[in-house]
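Comments concern the structure below.
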Amino acid sequence: MIEVFAPAKINLALHVTGRREDGYHLLDTLVAFAPVGDTLRLRPAPGLSLTVSGPEGAAVPAGPENLVLRAAAFVPGAGGAEIELIKRLPTASGIGGGSSDAAAMLRGLAHLRAVTVPAEGLERLGADVPMCLSPHPARVTGIGERIVPVTLPELPAVLVNPRVAVATPAVFRALSRRDGAPMPDLPVFARVSDCIDWLSAQRNDLEAPAVALAPEIGAVLGALRQTAGCRLARMSGSGATCFGLFATMAEAEAAADALRATHPGWWIASGALGDQAVRSAPKPV
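If you count by full-length UniProt numbering, then the sequence shown holds residues 1 to 285, one letter each, in order.
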């Protein structure tokens, strides 16, 4: 049996820069990965089967619509596998949980069956799947197909989800404009504070429409901004998960503890955002 970690994907900034004739939006986004996520366990088997467990598993279907099974079927000649998905990330939350699970499945099958994952067509599984396949910090443009790895300092962070699902299509429909400016060139960051200062000058263009649709997101952002040491609070993806960035992990962990005490119904996690590629490699168990 092998185990594969599927880390949360965090959009540190997300600029909507256009819209194609086919309706897909053009993005310019900077992503990093969190040390919190889901886990896949795979065993060779004659056919494909999936069970879902974990604290967030109740909301996840185990049928053919699950991205994990769709990812397994995407790899030709991969054969069967008995799959357990241990779900720790909230669903429909703007942190790429389903896409990261699918990418973890692809990494796991490639290791388990010594097969190659096709490079073409990955976006059919989901626009975030290609960027989650190798969970390094990256600048991603187009509709998610142009991925350029970048170097970032590890960013101490708190992740918060108010337990409100937000439909991505509804957020995009609520955009007031779709022709925002892209991010400037990424500088070299000598310190965490330099990176946070630069990010503060960027934006998530989906944040305002998401807050209008789900005011709970605004409450999360307000609570993060009020925690001691929070340097930047922003929504990830199309929501509803938000993140706060801090100068140190001690500050981030203290903020997470404070938020858990005042908002016990929220999903809250802390960790350093950055590169999760090594941890996400398949491992025998």
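Positions of the beta carbon are idealized from the N, C-alpha and C atoms, including for glycine. These figures come from a predicted structure and were not determined experimentally.
In three-state terms, what does DSSP make of residue i?
| i | result |
| --- | --- |
| D38 | strand |
| V140 | strand |
| D28 | strand |
| R177 | coil |
| H15 | strand |
| V171 | helix |
| F33 | strand |
| I268 | strand |
| R43 | strand |
| T51 | strand |
Please return the same chain residues whose Cβ sits closer than 7 Å to the Cβ of residue i, not counting the five positions on each side in sequence.
| i | result |
| --- | --- |
| L50 | A62, N66, V68, L69, I83, L85 |
| S193 | A247 |
Report the rounded CA-to-CA distance for residue i versus residue j, giving the unit in angstroms.
| i | j | result |
| --- | --- | --- |
| F74 | R163 | 31 Å |
| R234 | F243 | 6 Å |
| S176 | A71 | 34 Å |
| R203 | L14 | 6 Å |
| T241 | G23 | 25 Å |
| R113 | K283 | 14 Å |
| G271 | T116 | 32 Å |
| P90 | L213 | 18 Å |
| I143 | V171 | 16 Å |
Output needed for residue i: all residues of its chain with C-beta closer than 8 Å, excluding positions within five of it in sequence on either side, in chain order.
| i | result |
| --- | --- |
| G18 | H25, L26, R178, D179 |
When the distance is taken between beta carbons, is residue j closer than 7 Å to residue i?
| i | j | result |
| --- | --- | --- |
| G108 | L42 | yes |
| K87 | E56 | yes |
| R231 | I268 | no |
| G77 | A45 | no |
Who are the Cβ neighbours of residue i in its own chain at under 6 Å, not counting the five residues just before and after it?
| i | result |
| --- | --- |
| L122 | V129, P130 |
Heavy atom of the ligand GTP less than 6 Å from the Cβ of residue i, yes or no?
| i | result |
| --- | --- |
| D257 | You won't find the ligand GTP in this model; it holds no ligand whatsoever. |
For the segment 25-40 against the segment 120-138, do three or more pairs of beta-carbon atoms, one drawn from each stretch, fall closer than 8 Å, so that the two count as touching?
Contact annotation: the segment 25-40 touches the segment 120-138, with at least three C-beta pairs closer than 8 Å.
For the structure I just gave you, are there three or more beta carbon pairs, one from the segment 223-239 and one from the segment 251-263, closer than 8 Å?
They touch, by the three-pair rule.
Quick test of the definition: if touching needs 3 or more C-beta pairs under 8 Å, does the segment 181-188 touch the segment 204-223?
The answer is no - the segment 204-223 does not touch the segment 181-188, with fewer than three Cβ pairs under 8 Å.
Within 8 Å, do at least three Cβ pairs link the segment 236-254 to the segment 139-151?
Cβ pair count under 8 Å is below three, so no.
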